[in-house]
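Input: a single structure, listed below in structure tokens.
Numbering (this note's numbering), first residue to last: 3 to 309.
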């Protein structure tokens, strides 16, 4: 099919790569404008732009699609369909109606659960047993359109936002290729029951509340890995926790119960957490033994509560 692809990060780039490999004609790639990043704050191209450039695909990076110039540019493509994946900009109704088959979106949740910006992190935080991918028809509402294809994926006990992202990106890439091969597909309206919203992740949410059960703190750490990193404090200094597992134990929340060669066991509101990877401010992510070599800790000391 002749199509327009709209996306920005790695999740979208995985789908774009699969669409190209399947032999579809990507006539235009939409992605967000280059952003400053790194210590030098130099402009960096999105992953979708990088993939498009590597395959000789024309790239269009408007700051908004809500103008006549953007609409005219897209109409001139003559695309049969527009595919959207983690684009980051609102697609207005005037653009949705341009292609013959409209616009379809790759969404990383089992709709109507976790509509919105951060479905992967919210599923982990909530302790969901499964998530998945929906290929849905885009309409004016936020992820409210009918679903064309869906497939569930179990969430493993050790999944982080990073590992779950990669699994869902691969699943989304496979499903979008399947959808493009089978269009037109019957569309199933989303049920009115079970609607939840996956609001954007804020850095302030990363602070760990040690009064919560160990299972919840564990999910918190996994949900914020790799961004922005679950954070606590020790002696007034920030420390990020990257890997942990619930274990038996009890004590004042935040108190270090034991230290061995591989982990630091910390009391939670219910149970304890064995922390095995940490990072001090300005440092690197380190396994617990290496972290302890540079910053000795002792049983009885305490990580500060969220603040």
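Every residue gets a Cβ at the ideal spot worked out from N, C-alpha and C, and that includes glycine.
Check                                                                                                                          : Outcome
Terminal residues of the beta strand (DSSP E) in which residue 191 lies                                                        : That residue, residue 191, is in no beta strand (DSSP E); it is neither H nor E in DSSP.
Residues near residue 117 in its chain [Cβ-Cβ closer than 6 angstroms; skip 5 each side]                                       : 144, 145 and 199
Whole-angstrom distance between residue 245 and residue 122, CA atom to CA atom                                                : 18 angstroms
Bounding residues of the beta strand (DSSP E) (the contiguous stretch that carries residue 37)                                 : 37–39
Status (buried if at least 16 other CB within 10 Å, exposed otherwise) for residue 156                                         : exposed
Beta carbon of residue 119 nearer than 8 angstroms to that of residue 9                                                        : no
Continuous beta strand (DSSP E) stretch holding residue 240: start and end                                                     : 239–249
Spatial neighbours of residue 150 in its chain, beta-carbon cut-off 6 angstroms, leaving aside the 5 residues before and after : 137, 181, 187 and 189
Boundaries of the alpha helix (DSSP H) in which residue 293 is found, first to last residue                                    : 290–296
Presumed contact (8 angstroms Cβ cut-off) between residue 216 and residue 275, rounded CB distance                             : 5 angstroms
Terminal residues of the beta strand (DSSP E) in which residue 144 lies                                                        : Element bounds for residue 144: n/a, residue is neither H nor E.
Collapsed DSSP secondary structure at residue 270 in the structure displayed                                                   : coil
Nearest residue (CA-CA) to residue 162, options 289, 221, 230 and 105                                                          : 221
Host alpha helix (DSSP H) of residue 171 (start-end)                                                                           : 163–184
For residue 84 and residue 54, the rounded distance between their alpha carbons                                                : 15 angstroms
Opening and closing residue of the alpha helix (DSSP H) in which residue 222 lies                                              : 216–225
Residue 191 beta carbon near the ligand SAH (any heavy atom closer than 7 angstroms)                                           : Annotation note on the ligand SAH: not contained in the displayed structure, which lists no ligands.
Sufficient close CB pairs (3 or more, under 8 angstroms) joining the segment 57–75 to the segment 22–32                        : yes
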